[in-house]
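Structure first, then comments.
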Amino acid sequence: MLLASGVRPVPPASPLKDYSEHYVSIIAWTLGVIVVLVGLLLWGWTARKRRQSGIAAPEAVPAALYEVEPAAGSQGMYVGTVLGQDRLDRVAAHDLGIRSGARLEVHTLGEHAGAVVLRPRVENVFVPAAALRECGTTGGMVGKFVEPDGLVAFTWDLGGTEVTTAFRPRDPQDRHALLDALQTIIDRTATTGAAQEDAR
11 MLLASGVRPV PPASPLKDYS EHYVSIIAWT LGVIVVLVGL LLWGWTARKR
61 RQSGIAAPEA VPAALYEVEP AAGSQGMYVG TVLGQDRLDR VAAHDLGIRS
111 GARLEVHTLG EHAGAVVLRP RVENVFVPAA ALRECGTTGG MVGKFVEPDG
161 LVAFTWDLGG TEVTTAFRPR DPQDRHALLD ALQTIIDRTA TTGAAQEDAR
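First residue of the sequence shown: 11, per the numbering used here; consecutive thereafter.
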């Protein structure tokens with residue numbers, strides 16, 4: 011019914027429902043789910059490391075290389091290492107599965123030629139020249155997917171196990187220099203091996 015002024019009266023607002031008594035249970039359930047998920051991730055990671063306990067540890071970086079200028083080097087991200095060339099089968103052993111900021115150096119000369127991955131707070135990785143098998147680019151590996159050819163990848167022999175490591179240079183222009191240096195080592199190793207076979 012309208013008042014004399016022609017304005018319809020506003021009905022009283024219904025009281026707001028009080029959900030405060032449910033907040034504690036909602037927060038508890040949320041935290042519980044998070045704890046369970048984190049626990050499952052840790053359990054899976056530990057189980058993977060246990061399954062891969064037979065994989066050899068990478069060689070330590072020769073002390074001399076810390077004082078030598080590399081043929082190519084780049085700051086960027088160490089994406090990870092996988093078994094063979096399966097881009098999703100991460101190697102967890104020896105902290106090879108830990109993604110981190112890193113510097114990749116390729117040394118083409120001297121008795122310690124090879125690739126070096128320098129990682130803060132994690133063991134550095136040395137890949138001797140004789141262990142390198144092939145190199146190239148890829149658009150993704152173990153959860154890190156970028157533009158096509160955005161990652162530098164190299165396959166190498168880790169104590170009898172074939173693995174592939176990926177690195178993302180901060181400066182895309184560094185990719186070519188890194189790949190050229192890696193390929194130089196691979197080609198030279200192949201030539202040396204062929205010459206030794208011919209000499210037998």
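Ideal placement from N, C-alpha and C gives every residue a C-beta, glycine not left out.
Self-check item: Beta-carbon spacing of residue 107, residue 100 below 8 angstroms
Solution: yes
Quiz prompt | Burial state of residue 186, where buried means 16 or more other Cβ atoms lie within 10 Å | solution = exposed
Quiz item: From 135, 137, 44, 158, pick the residue whose C-alpha is nearest to that of residue 146; which is it?
Solution: Of the candidates 135, 137, 44, 158, 158 places its Cα closest to the Cα of residue 146.
Exercise. Measure the C-alpha to C-alpha separation of residue 148 and residue 109 and round it to an integer number of angstroms.
Key: Looking at the two C-alpha atoms, the distance is approximately 17 angstroms.
Quiz item: If you compare alpha carbons, which of 134, 76, 172, 127 is closest to residue 162?
Solution: 127
Exercise. Could you spell out where the beta strand (DSSP E) holding residue 95 opens and where it closes?
Key: Here residue 95 belongs to no beta strand (DSSP E), and DSSP marks it neither H nor E.
Self-check item: Delimiting residues of the beta strand (DSSP E) encompassing residue 172
Solution: 171-179
Quiz item: What are the boundary residues of the beta strand (DSSP E) that residue 75 is part of?
Solution: Run containing residue 75: none; DSSP gives neither H nor E here.
Quiz item: Exposed or buried, what is residue 137 when buried is set at 16 or more other beta-carbons lying within 10 Å of its beta-carbon?
Solution: buried
Quiz item: Given residue 219, which residues of its chain have a CB within under 7 angstroms of its CB, disregarding the five upstream and five downstream residues?
Solution: Outside the shown range of the chain (11 to 210) lies residue 219, about which nothing can therefore be said.
Self-check item: Coarse secondary structure for residue 190, derived from DSSP in three states
Solution: The answer is helix: DSSP assigns residue 190 an H, G or I state.
Quiz item: Who pairs with residue 100 in a beta bridge, going by DSSP?
Solution: Bridge partners of residue 100: 92.
Quiz item: By Cβ distance, which residues of its chain are closer than 7 angstroms to residue 88, with the 5 residues on each side in sequence left out?
Solution: 109, 110, 112, 127, 129, 177
Quiz item: What does a CB cutoff of less than 7 angstroms around residue 156 pick up in its chain, not counting 5 residues either side in sequence?
Solution: 149, 150, 178
Quiz prompt | Residue range of the unbroken beta strand (DSSP E) whose run includes residue 167 | solution = Here the beta strand (DSSP E) through residue 167 covers 161-168.
Practice problem: Leaving out five residues on either side along the sequence, give the residues of the same chain with a beta carbon under 6 angstroms from the beta carbon of residue 135. | Solution: 68, 127
Self-check item: DSSP state of residue 82 mapped onto helix, strand, coil
Solution: strand
Exercise. Ignore the nearest five residues each way along the sequence and tell me which others in residue 171's own chain have a CB closer than 6 angstroms to its CB.
Key: Exclusion of the five residues before and after residue 171 leaves 65 as the residues of its chain whose Cβ lies within less than 6 angstroms of its Cβ.
Quiz item: Taking the alpha-carbon positions, what's the residue 194 to residue 118 distance?
Solution: If I take the Cα positions, the gap works out to 7 angstroms.
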